[in-house]
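Just so we're on the same page, the numbering used here is the position in the sequence shown counted from 1, plus 57. Let me begin by presenting the structure, written as structure tokens, before commenting on it.
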Amino acid sequence: MADRPLGPGDRAPDFALPDGVGEGTLRLAEHLRRGPVLLAMLRGLYCPFCRRHISQLRPTCETLRGAGVAILGVVVGSTARVRQYFAHFPPCFPIAAAPDRAVHRAYGLPQVDRTPEFLHETEHVAGEVLREDGIRVPPGESADAVFMKADGFSLTAEDEAEWRRPLQWVGYFLIGRDGLVRWASVEARIVALPAIDELLALV
58 MADRPLGPGD
68 RAPDFALPDG
78 VGEGTLRLAE
88 HLRRGPVLLA
98 MLRGLYCPFC
108 RRHISQLRPT
118 CETLRGAGVA
128 ILGVVVGSTA
138 RVRQYFAHFP
148 PCFPIAAAPD
158 RAVHRAYGLP
168 QVDRTPEFLH
178 ETEHVAGEVL
188 REDGIRVPPG
198 ESADAVFMKA
208 DGFSLTAEDE
218 AEWRRPLQWV
228 GYFLIGRDGL
238 VRWASVEARI
248 VALPAIDELL
258 ALV
């Protein structure tokens with residue numbers, strides 16, 4: 058467990074987790090043998106911002122793949138639940154199912170309580186996303202609740218249990234073939250990636 062988020066110069070901890078899209082196991086070391094990796098550490102599937110972000114990464118995924126950089130994702134969830142979801146919404150990159158937050162802790166990603174201020178900001182951000190997507194919030198409903206189910210998503214008991222835990226921060230780690238972190242972004246919310254040429258210049 059890292060006592061701070063990992064950053065440039067730190068060695069990326071290896072991991073072996075169940076493939077959340079297909080069968081078998083995904084191991085960071087195996088991907089690094091083929092080239093640099095952009096590791097996306099996300100929350101559980103309950104997070105609509107994470108689900109939307111995964112779907113929006115397709116152009117980035119294809120561009121990086123063409124430059125020899127792979128994207129590898131990690132989401133918190135049981136193997137069965139993660140595979141169930143991605144069977145209906147296949148991503149453009151491999152995503153591992155983490156049964157707990159151990160790998161997130163190994164990379165130093167914090168978890169925090171959802172304060173009233175954070176929840177208020179989440180409502181605002183969800184409203185902005187819905188307006189961008191042309192989705193109307195009915196009177197009497199919260200934007201966050203509408204955003205949660207806008208893609209047809211239905212919470213399971215597992216999803217609800219993960220949502221009730223402290224908020225898991227998310228992070229991106231650009232890792233060179235030597236296993237060292239070249240660039241990192243760790244935030245409470247999903248943020249946009251830097252320009253592709255900026256990332257490629259680091260590997």
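We put the beta carbon where it would ideally sit given N, CA and C, even for glycine.
Item	Value
N- and C-terminal bounds of the alpha helix (DSSP H) containing SER112	105-113
Reduced DSSP secondary structure (H/G/I, E/B, other) of ALA163	helix
Residues that DSSP places opposite ALA73 in a beta bridge	ARG84
The segment 67-86 touching the segment 138-157, judged by at least three CB pairs closer than 8 Å	yes
ARG90 in three-state terms, based on DSSP	helix
Nearest to THR136 (by Cα), restricted to the options VAL94, ASP157, GLU198	ASP157
Residues near ASP201 in its chain [Cβ-Cβ closer than 6 Å; skip 5 each side]	THR179, GLU180, ALA183
Through-space distance from ARG234 to TRP220, alpha-carbon basis	34 Å
Beta-bridge partners of GLN225, as assigned by DSSP	GLN168
Own chain partners of PRO148 with C-beta closer than 6 Å, once the 5 adjacent residues on each side are dropped	ILE111
Length of the line joining the Cα atoms of ALA155 and ARG84	12 Å
Sequence-distant residues of its chain with Cβ nearer than 7 Å to LEU52 (five each side left out)	What the structure shows of the chain is the stretch from 58 to 260, and residue 52 is not part of that stretch, so it cannot be assessed.
Span of the alpha helix (DSSP H), counted from its first residue to its last, around ALA207	Segment: none, ALA207 is in no alpha helix (DSSP H) and carries neither H nor E.
Length of the line joining the Cα atoms of GLU174 and ASP67	33 Å
Nonlocal neighbours in the same chain, by C-beta distance under 7 Å from GLY228, ignoring five residues either side	PRO62, MET98, TYR164, LEU166, ALA241, SER242, VAL243
Opening and closing residue of the alpha helix (DSSP H) in which GLY184 lies	173-189
Alpha carbon of GLU119 to alpha carbon of LEU96, nearest angstrom	15 Å
For ALA127, the residue or residues it bridges with in DSSP	VAL94
Beta-carbon separation (whole angstroms), LEU89 vs ILE232, contact threshold 8 Å	7 Å
ARG138 - containing alpha helix (DSSP H), residue span	136-145
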